[in-house]
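First the structure, in the form of structure tokens, and then the observations on it.
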Amino acid sequence: MSWNHDGTGQAGAPGIEYLDGLYSYALVLTRNHAEAEDLVQETYVRAMQAMGRLRAGSNMKGWLFTILRNVWFNQLRKWRNSPQMVEIEAEDGAANSIAEPSKDSYDLYVSKMETEQVRAAIRELPVEFREIILLREYEDLSYLEIASVLDCPVGTVMSRLGRARAKLRALLSDTLKGSDSPPVRGPR
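In numbering that gives the first Met the number 0, the protein residues as written are 0 to 187.
Shown next as structure tokens:
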């Protein structure tokens with residue numbers, strides 16, 4: 000799909016560098032890969048239509064995340080009045096198994112287990128905690144930018160982030176206590 004009307008492709012599309020972050024945020028909100036892709040696409044459609052109204056020097060990243068969140072809320076309102084379908088989702092491990100040449104197989108195994116435990120714990124958080132963790136820890140937005148995206152005071156962002164981190168820490172400590180951790184490797 001070409002974002003530019005002159006057929007040059009996506010390379011010059013404004014805000015394209017935020018595509019991965021927007022997709023991650025959409026995935027946190029929707030918990031479904033196809034819906035997340037649709038949400039990001041709708042975000043870019045609306046952003047491209049409104050691009051002329053964006054002031055020079057504006058925070059495009061925050062603006063795009065705000066559009067995505069507003070589109071999501073609009074979709075939720077529509078879905079509440081329609082029948083719901085449940086889809087069972089299979090995890091695709093292909094994208095998560097990129098090997099790092101600097102690590103040996105044991106380190107890769109432990110790293111993969113830790114990553115999966117963190118992802119599982121984040122999925123258990125309520126949506127307001129999931130989205131704030133993603134925006135701060137993965138997208139590295141400032142408190143002010145998060146407040147703008149979530150349309151709430153900075154103090155609320157700070158307290159919600161603190162509660163989200165505490166809940167995540169508790170979930171992870173329960174997971175680590177309840178799971179069989181990988182065996183400790185002896186000296187070489």
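Yeah, the Cβ is synthetic: ideal placement off N, Cα and C, and Gly gets one too.
Just so you know, these numbers come straight off a predicted model, no measurement behind them.
* leucine 149 (DSSP reduced to helix, strand or coil) -> The residue given as residue 149 occupies position 150 in the sequence shown. In this structure, leucine 149 counts as helix in the three-state DSSP scheme.
* To do: Would you identify the three-state DSSP class for leucine 140, choosing helix, strand or coil?
  => As a first step, residue 140 must be located in the sequence shown, where it is residue number 141. Leucine 140: coil per DSSP, three-state reduction.
* Apart from the five residues just before and just after arginine 162, which ones in its own chain have a Cβ nearer than 8 Å to its Cβ? -> As a first step, residue 162 must be located in the sequence shown, where it is residue number 163. The residues are Phe128.
* In chain order, what residues of the same chain have a beta carbon less than 6 Å from the beta carbon of leucine 134, not counting five sequence neighbours either side? -> The count along the sequence shown starts at 1 and reaches residue 134 at position 135. Contacts found: Leu140 and Ile145.
* Taking glycine 56 as the reference, give the member of Pro13, Val156, Leu167 and Arg164 with the closest Cα. => By 1-based counting over the sequence shown, the position of residue 56 is 57. For glycine 56, the nearest C-alpha among the options comes from Pro13.
* Asked: In angstroms, rounded to a whole number, what distance separates the CA positions of leucine 167 and alanine 120?
  -> Here residue 167 is taken as the residue at index 168 of the sequence shown, counted from 1. Here residue 120 is taken as the residue at index 121 of the sequence shown, counted from 1. Each residue's Cα considered, the two are about 6 Å apart.
* Could you round the C-beta distance between tyrosine 24 and glutamate 138 to whole angstroms and report it? I think they count as a contact, below 8 Å. => Along the sequence shown, read from residue 1 onward, the residue named residue 24 stands at position 25. Along the sequence shown, read from residue 1 onward, the residue named residue 138 stands at position 139. The Cβ separation is near 7 Å, so the contact holds.
* Are the CB atoms of leucine 63 and threonine 42 nearer to each other than 8 Å? -> Here residue 63 refers to the residue found at position 64 when the sequence shown is read from its first residue. Here residue 42 refers to the residue found at position 43 when the sequence shown is read from its first residue. Closer than 8 Å, so yes.
* **Cβ pair arginine 52, valine 70 closer than 8 Å** => Position 53 of the sequence shown, counting from 1, holds the residue named residue 52. Position 71 of the sequence shown, counting from 1, holds the residue named residue 70. Result no, Cβ atoms of arginine 52 and valine 70 do not sit closer than 8 Å.
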